[in-house]
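**Q**
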Amino acid sequence: MQSGIQRRQCKTVLFLLILSVPFIGAAAEAPAPNVITQFSTINAILDGLYQGHWRCADVLKHGDFGICTFDGLDGEGILLEGKAYQAKADGTVITVPGDLTIPFGSVTFFSPSQKISLSDISDYEHLETALDNSIKDKNAFYAVRIDGVFNHAKARSCPKQSMPYPPLVEVTNHQTVFDWQNVEGTFAGFRYPQYMQGLNLPGYHLHFLSKDHSKGGHALQCAFDTANVYIAEIRTFNMILPESREFAAKDLSGNREQELNAAERDRK
Ligand code: ZN
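For reference, each letter of the sequence shown is one residue, going 64 to 331 in my numbering.
1. Please report the residue range of the alpha helix (DSSP H) in which Y187 lies.
2. Which class does C332 belong to by DSSP, given the choice of helix, strand or coil?
3. Cutting at 7 Å between CB atoms, please list the residues of its own chain near M302, excluding the five before and the five after it.
4. Cutting at 7 Å between CB atoms, please list the residues of its own chain near L136, excluding the five before and the five after it.
5. Can H237 be considered in contact with the ligand ZN, in the sense that its beta carbon sits closer than 7 Å to one or more heavy atoms?
6. Where the beta carbon is closer than 6 Å to any heavy atom of the ligand ZN, which residues qualify, in chain order?
7. Roughly how many angstroms separate the alpha carbons of Y205 and I130, rounded to a whole number?
8. Extract the residue ranges of the beta strand (DSSP E) inside the region 226-295, only unbroken runs of 3 or more that lie entirely within it.
9. Report yes if the CB atom of W243 is closer than 8 Å to the CB atom of K201, and no otherwise.
10. Along the beta strand (DSSP E) that carries N106, what are the first and last residues, could you check?
11. For the region 145-159 against the region 250-269, are there 3 or more C-beta pairs whose distance is under 8 Å?
12. Taking all protein chains shown into account, decide if T155 is buried (16 or more other Cβ within 10 angstroms of its Cβ) or exposed.
13. From the DSSP output, in three-state form, read off A89 for me.
14. In whole angstroms, what separates the C-alpha of D162 from that of G317?
15. For R118, which residues of its own chain have a beta-carbon under 7 Å away from its beta-carbon, when the five flanking residues on both sides are left out?
16. To the nearest angstrom, how far is it from the Cα of V84 to the Cα of V170?
17. Tell me the residue span of the beta strand (DSSP E) that contains L142.
18. If distances are taken between C-alpha atoms only, which option among G140, P94, D127 and V98 comes closest to G115?
19. Is it buried or exposed, H237, if we count other Cβ atoms within 10 angstroms and call 16 or more buried?
20. Give me the residue from I105, L181 and L123 with the minimum Cα distance to E92.
21. Under 8 Å, do A282 and A325 count as touching if we go by C-beta distance?
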């Protein structure tokens, strides 16, 4: 026969188990498809907060598709089909080691709800208009993937910075620009509504990766005869902020549109 104390201990253990099982389950759960998880904010990047806070292996737990940059602003990141690639300023592309960290990025488990074919796209602005004509809700988020052989693809990458980090507009003055003709590959990224100003890049923010994974970067231009476009409408957005003294000390308010366009949309 059990003593009163033993019975009480048994009940306590059982109670703790019941409490802890759902908690552990929730912590390990991956986000549902088509939920964006964003790490840090674009204004933090404009202000030079390039220190990586999240391991790539952990970022991939939040999505199999997306774009990012790396510790020290070391190149442009593209996540496709669960793998992360780093397009460096020297023109090389590598598969990202799991312990490399990121200071900024957005990812999702990509589940497209729409597939379209676009033809005779003459430049990036034309592509933006054609995509805008294909989406239903300008106030929703979209993840976009474009597969094709591109007559022209232009992308940039930034060299790794060292502390004290300069602002993004200064770094992009020294970016490397790549121009490719007849290259097969994928443009992938997101469309954010205008009201996301300050948090991310409003409009389309796409990165390029060639099919053979040898070329890539932040998309500046593209032209093609025909390409397959996969679009996912997204209505849930999560944000994870860095926990650092530098982040806490920054003034991240204010409209930085001009600076952002100079750093991210200079298509010359
Ligand atoms: Zn980019």
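All C-beta atoms in this analysis are idealised placements derived from N, C-alpha and C, irrespective of residue type, glycine included. The structure presented is a predicted model; accordingly, all values stated were derived computationally and were not measured.
**A** From the atom records:
1. Its alpha helix (DSSP H) spans residues Y187 to D195.
2. With the chain covering 64 to 331 only, the question about residue 332 has no answer from this structure.
3. Take M302, set aside five residues on each side of it, and the residues of its chain with a beta-carbon closer than 7 Å to its own are Q101, in chain order.
4. So the list reads Y113, C221, K223, Q224 and V234, once near-sequence residues are dropped.
5. no
6. I130, E139, H268, H270 and H281
7. One C-alpha to the other measures close to 13 Å.
8. 239-255 and 266-273
9. no
10. First-last for N106: I105 to L109, but that is the alpha helix (DSSP H), not the beta strand (DSSP E).
11. no
12. exposed
13. Confidence at A89 is low in this model, with a pLDDT of 40, below 50, so its placement is unreliable and the value that follows should be read with caution. A89: helix per DSSP, three-state reduction.
14. 34 Å
15. G161, D162 and T164
16. Because V84 sits at a pLDDT of 41, beneath the cut-off of 50, its placement in the model cannot be relied upon, and the point is left open.
17. Looking at the DSSP string, the run of the beta strand (DSSP E) that includes L142 is E139 to L143.
18. G140
19. exposed
20. Measuring C-alpha to C-alpha distances from E92 to each of I105, L181 and L123 identifies L123 as the nearest.
21. no
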